[in-house]
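*Asks:*
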Amino acid sequence: GENVEQHPSTLSVQEGDSAVIKCTYSDSASNYFPWYKQELGKGPQLIIDIRSNVGEKKDQRIAVTLNKTAKHFSLHITETQPEDSAVYFCAASRFIGVGGATNKLIFGTGTLLAVQP
Amino acid sequence: GAVVSQHPSWVICKSGTSVKIECRSLDFQATTMFWYRQFPKQSLMLMATSNEGSKATYEQGVEKDKFLINHASLTLSTLTVTSAHPEDSSFYICSARQPPTDTQYFGPGTRLTVL
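In order, the protein sequence lines correspond to chains A and B.
So that you can map any letter, position 16 of the first sequence is 16 in this note's numbering, and since no number is skipped, the others follow by simple counting.
So that you can map any letter, position 42 of the second sequence is 1042 in this note's numbering, and since no number is skipped, the others follow by simple counting.
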C-alpha cells in the first residue's frame, strides 16, 4: 500500500541554524504534499504545502522542495527559533479533482525538532 | 487559514459508557471530514472518512459499530465512542477538507481517558 517514510525521527539544532526534514513517498500518483507542525497536546497545524506542478515553494523561513522523479520532498527551516520546536509531519495524497473520490493523507512517522537556545 | 474546532478538549469517562466528540468547521463548509487517532509519540492513524449526508468510510480494522460517525451538516461531524474501555483512551483528532482543494485543516484534538 501507500507509504511515506520520514527522516530523521529526531533533530536537534542550535538556534539560528537550519533544519532539514526529508520524506519519501511510494505512490507515484501522489500530487499533494503538506507539512504539519504539532505542538504537545495540540492538533497538527498546516505550515506549508506543495503540489506536483511545482518544484519548490517558500514562505518566509520555511521552504519545501519536491523531486517527483525520486519521489522525495523536503522541509527546510532557516534561522530556527526555540518556538520552532515541535513534531513535524509530512504527508502525501492523490487529489483526483473536484467531484472526484475523496483523498486521504498518508502521514510520515514524524520528526521531533528541538531548537536549543 | 481555516479554523476547525473540537469539543470537548478532554473527557474522562467510566468504562462501559459512551462519549460523543464534536468537530466543527467554523469558517467554511466541509463536505468531507476525517477522524484520526493518535497514540503518544506516534503518527496520526486515520480511522474514518466522513462525508456529509452519507455513511462514513472506515479504515481496515476500525470497528464501525464502536466508533459511530455522523456528518449531519456541512459544518459538523460527530464521533461517538460506544461502550468505551480503557484501551480506547487516546487523542482523537478531526480534520476538515476545505473545498475545492484537498487542503485539510485539523482540530485541536480531544483527549479521552476511560477509567
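By construction, the Cβ of each residue, glycine as well, lies at the ideal position given by its N, Cα and C atoms.
By the three-class DSSP mapping on this structure, what secondary structure does A/E5 have?
*Replies:* Numbered from its first residue, the first sequence carries residue 5 of chain A at position 5. A/E5 falls in the strand class under three-state DSSP.
*Asks:* Is the beta carbon of A/A91 less than 8 Å from the beta carbon of A/F107?
*Replies:* Looking up residue 91 of chain A in the first sequence gives position 91. Looking up residue 107 of chain A in the first sequence gives position 107. Yes.
*Asks:* In whole angstroms, what is the alpha-carbon distance linking B/I1069 and A/E15?
*Replies:* What you label residue 1069 of chain B is simply residue 69 of the second sequence in a count that begins at 1. What you label residue 15 of chain A is simply residue 15 of the first sequence in a count that begins at 1. Their Cα atoms are separated by approximately 44 Å.
*Asks:* Whose CA, out of A/T109, A/K22, A/L75 and A/E79, lies closest to the CA of B/Q1042?
*Replies:* Position 42 of the second sequence, counted from the first residue, corresponds to residue 1042 of chain B. When only C-alpha atoms are compared, the closest one is A/T109.
*Asks:* Could you tell me if A/N67 is buried or exposed, where buried requires 16 or more neighbouring beta carbons within 10 angstroms of its beta carbon?
*Replies:* Locating residue 67 of chain A in the first sequence gives position 67, where the first residue counts as 1. Label assigned to A/N67: exposed.
*Asks:* Given a cut-off of 8 Å on the beta-carbon distance, is the pair A/L105 and A/T10 in contact?
*Replies:* Residue 105 of chain A sits at position 105 when you count from the first residue of the first sequence. Residue 10 of chain A sits at position 10 when you count from the first residue of the first sequence. Their beta carbons are not under 8 Å apart, which means A/L105 does not touch A/T10 by this criterion.
*Asks:* By the criterion of Cβ-Cβ separation under 7 Å, what are the contact partners of B/P1108 in chain A?
*Replies:* Along the second sequence, one-based indexing puts residue 1108 of chain B at 108. Neighbours of B/P1108 on chain A, chain order: K42 and G43.
*Asks:* In the DSSP assignment, the beta strand (DSSP E) including B/E1022 goes from what residue to what residue?
*Replies:* Looking up residue 1022 of chain B in the second sequence gives position 22. V1019 to S1025 is the extent of the beta strand (DSSP E) around B/E1022.
*Asks:* Contact between the stretch 50-60 of chain A and the stretch 1007-1018 of chain B is defined here as three or more beta-carbon pairs at a separation below 8 Å; is this criterion met?
*Replies:* In short, these stretches do not touch, since the Cβ pair count stays below three.
*Asks:* Is the number of C-beta pairs between the stretch 1105-1113 of chain B and the stretch 30-45 of chain A that are closer than 8 Å three or more?
*Replies:* Flag = yes, the stretch 1105-1113 of chain B and the stretch 30-45 of chain A touch.
*Asks:* Going along chain A in order, which residues have a C-beta closer than 8 Å to the C-beta of B/Y1105?
*Replies:* Taking the first residue of the second sequence as 1, we reach residue 1105 of chain B at position 105. By Cβ distance, chain A contributes L46.
*Asks:* Is A/D49 helix, strand or coil by DSSP?
*Replies:* As a working note, residue 49 of chain A is residue 49 in the first sequence. Here A/D49 sits in strand by DSSP.
*Asks:* Mind checking the stretch 1011-1034 of chain B against chain A and listing, in chain order, the residues whose C-beta falls within less than 8 Å of any C-beta there?
*Replies:* Those residues of the stretch 1011-1034 of chain B that come within reach of chain A (Cβ to Cβ, closer than 8 Å) are T1032 and F1034.
*Asks:* Which bits of chain A does B/D1102 rub up against, with CB to CB less than 7 Å?
*Replies:* Counting from one through the second sequence, the residue named residue 1102 of chain B turns up at place 102. The answer, in chain order, is Y32, S93, F95 and N103.
*Asks:* What does B/H1007 pair with, by DSSP beta-bridge criteria?
*Replies:* Numbered from its first residue, the second sequence carries residue 1007 of chain B at position 7. B/H1007 is bridged to B/E1022.
*Asks:* If the cut is a Cβ gap below 8 Å, which residues of chain A does B/I1093 touch?
*Replies:* Working through the second sequence from its first residue, we reach residue 1093 of chain B at position 93. The answer, in chain order, is G43 and P44.
*Asks:* Starting from the Cα of A/H76, find the closest Cα among A/N3, A/Y88, A/S18 and A/P8 and give me that residue.
*Replies:* Along the first sequence, read from residue 1 onward, the residue named residue 76 of chain A stands at position 76. Looking at the Cα atoms, A/S18 is the closest of the given residues.
*Asks:* Cβ closer than 7 Å: which chain E residues qualify as neighbours of A/F107?
*Replies:* The structure shown has no chain E; the protein chains it does contain are A and B.
*Asks:* Have a look at the DSSP bridge pairing and note the partners of A/L66.
*Replies:* Here residue 66 of chain A corresponds to residue number 66 of the first sequence, with the count starting at 1. BP columns for A/L66 point to A/F73.
*Asks:* Would a check of beta-carbon distances place A/D49 closer than 8 Å to chain B?
*Replies:* What you label residue 49 of chain A is simply residue 49 of the first sequence in a count that begins at 1. For A/D49, the answer is yes, since a Cβ of chain B falls inside 8 Å of its Cβ.
*Asks:* For a test of the three-state rule: what should DSSP assign to A/D59, helix, strand or coil?
*Replies:* Walking along the first sequence from the start, residue 59 of chain A turns up at place 59. Strand, per DSSP.
*Asks:* Can you give me, in chain order, the residues of the stretch 1045-1078 of chain B that have a beta carbon less than 9 Å from any beta carbon in chain A?
*Replies:* Going along the stretch 1045-1078 of chain B in chain order, one finds M1045, L1046, T1049, N1051, T1057 and E1059 with a Cβ nearer than 9 Å to chain A.
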